[in-house]
Structures are given as structure tokens and as C-alpha cells.
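Peer 1:
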Amino acid sequence: MPTKITSHIGRQLQAVRQRKGLTQAEVAKHAGTNTNYYAKLERGEAVPSLKMLEKVVKALGIKSSDVLPF
895 MPTKITSHIG RQLQAVRQRK GLTQAEVAKH AGTNTNYYAK LERGEAVPSL KMLEKVVKAL
955 GIKSSDVLPF
């Protein structure tokens, strides 16, 4: 079940990805995960570990503060 924080992170990830013109598959590949899991992150259905969050923000070329609500 999505929480307020996971929903926020997901919306931010999706917005950045779309601004950069990337697909979910491209971000997932660069982050070393599968597309289904990355899609769940964007929908707020999965809680990323700190390591996975680090990989995703690096794949997007952003800082963690760009997606975290605090």
C-alpha cells in the first residue's frame, strides 16, 4: 500500500524521468534493476532501499534531495 512518502518519491521519479525523455526500461537498466520493480517505485507501490534509491538517482543524474520530501 502506498504511503505518503513512497507516493511522493514515485511522482518525483516519474517527473524527472519524463523531463529527461527516458523510458522506465532505460532508467531500470542503468539502475541495475528490472522494469517492473522500477515501475512499482514510480507508482509508490514499493519502498526502495537506500542502495536502490542511490542507484536510481544516479541513473537519472539527480540528487536524492530532488526526490525526497524532507
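When you read off a place in the sequence shown, starting at 1, and then add 894, the result is the number in this note's numbering.
By construction, the Cβ of each residue, glycine as well, lies at the ideal position given by its N, Cα and C atoms.
Compare the beta carbon distance of Leu962 and Ile903 with 8 Å and say whether it is the shorter of the two.
Peer 2: Mapped onto the sequence shown, residue 962 falls at position 68. Mapped onto the sequence shown, residue 903 falls at position 9. Yes, the Cβ-Cβ distance between Leu962 and Ile903 is below 8 Å.
Peer 1: Roughly how many whole angstroms lie between the Cα atoms of Ser943 and Lys914?
Peer 2: Here residue 943 is taken as the residue at index 49 of the sequence shown, counted from 1. Here residue 914 is taken as the residue at index 20 of the sequence shown, counted from 1. Rounded to whole angstroms, Ser943 to Lys914 spans 23 Å at the Cα level.
Peer 1: Since I believe Leu935 is in contact with Leu907 (beta carbons under 8 Å), could you give me their beta-carbon distance rounded to a whole number of angstroms?
Peer 2: For the purposes of this step, residue 907 is taken as residue 13 along the sequence shown, with counting starting at 1. For the purposes of this step, residue 935 is taken as residue 41 along the sequence shown, with counting starting at 1. That pair is a contact at about 6 Å.
Peer 1: Suppose contacts are defined by Cβ-Cβ distances below 8 Å. Is Val921 in contact with Ile956 by that definition?
Peer 2: Here residue 921 refers to the residue found at position 27 when the sequence shown is read from its first residue. Here residue 956 refers to the residue found at position 62 when the sequence shown is read from its first residue. Result no, Cβ atoms of Val921 and Ile956 do not sit closer than 8 Å.
Peer 1: Can you tell me whether Ile965 is helix, strand or coil according to DSSP?
Peer 2: In the structure displayed, the chain extends from 895 to 964; residue 965 sits before or after that span and is not available.
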